Amino acid sequence: MIQIVQMNEQNYKAVAAIEAACFTQPWSEKTFFEELSNPNAHTYLALDGGEPAGFLSVWEVCGEVSVNNIAVLEGFRRKGIARALLEHMLGDLSHSQSVTLEVRKSNTAAIALYETFGFERVGERKDFYSQPKEDALLYTKILNGEN
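Note that this note's numbering has the sequence shown beginning at 367, numbered continuously upward.
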């Protein structure tokens with residue numbers, strides 16, 4: 367069973383460990399700890415059977431949500447965890463106007479997931495990612511019509 371909880375002082379190290387396992391240039395434990403005192407930051411941890419499995423980190427500023435990272439540990443993929451994280455975040459921040467994210471151009475599974483949630487491609491960022499170097503596709507989902 368998938369459970370979504372807020373990142374806190376007891377679990378931020380688990381979030382940092384998922385980040386380190388999934389990204390070539392991960393945020394540090396210290397960065398995640400500092401996010402706890404950022405009023406604009408929202409980080410959701412997914413637990414599968416009580417085990418840390420994935421997370422979603424966003425910043426919400428002036429009604430606009432920007433996705434920083436979403437990651438699921440390899441052993442927990444294809445179990446609906448990313449979908450559960452997105453559903454939870456969209457419900458939690460439904461008062462916002464929009465959500466924007468970047469995704470590697472080659473990440474077809476993530477792109478397909480975002481599109482099922484109604485995200486629309488609105489641009490491209492050349493050489494946005496490094497290690498390996500790759501373009502990013504920019505996606506936005508309008509939550510409220512009050513832009």
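Where is the CB? At the ideal position from N, CA and C, for every residue including glycine. None of the values given here were measured: they were computed from a predicted structure.
| request: State the start and end residues of the unbroken alpha helix (DSSP H) segment that holds Phe399. | output: For this step, residue 399 is matched to residue 33 along the sequence shown. Per DSSP, Phe399 belongs to the alpha helix (DSSP H) from Glu395 to Glu401.
| request: Please classify Glu375: does DSSP put it in a helix, a strand, or coil? | output: Position 9 of the sequence shown, counted from the first residue, corresponds to residue 375. Correct three-state label for Glu375: coil.
| message | For Gly420, tell me which candidate among Pro392, Lys396 and Ala383 has the shortest Cα-Cα distance. | response | Sequence index remark: in the sequence shown, residue 420 carries index 54 (1-based). When only C-alpha atoms are compared, the closest one is Ala383.
| For the alpha helix (DSSP H) that Leu479 lies in, which residues bound it at each end? | Along the sequence shown, read from residue 1 onward, the residue named residue 479 stands at position 113. From DSSP, the alpha helix (DSSP H) with Leu479 extends over Thr474 to Thr482.
| Alpha-carbon spacing of Tyr480 relative to Leu456, whole angstroms | By 1-based counting over the sequence shown, the position of residue 480 is 114. By 1-based counting over the sequence shown, the position of residue 456 is 90. Approximately 12 Å, taken between the alpha carbons.
| field | Same chain only: Cβ atoms within 6 Å of Thr466, ignoring 5 sequence neighbours per side | value | Mapped onto the sequence shown, residue 466 falls at position 100. Closer than 6 Å at the Cβ level, and outside the excluded window around Thr466, lie Ser432 and Thr506.
| request: Could you say which of Met367, Leu413 and His461 lies nearest to Ala380 if we only look at CA atoms? | output: Position 14 of the sequence shown, counting from 1, holds the residue named residue 380. Ala380 has its Cα closest to that of Leu413, out of Met367, Leu413 and His461.
| message | According to DSSP, simplified to helix, strand and coil, what is His454? | response | On the sequence shown, residue 454 is found 88 positions in, with the first residue counted as 1. Reduced to three states, the DSSP call for His454 is helix.
| Is Val488 buried or exposed, if buried means 16 or more other CB atoms sit within 10 Å of its CB? | Residue numbering aside, residue 488 sits at position 122 when the sequence shown is read from its first letter. Result: exposed.
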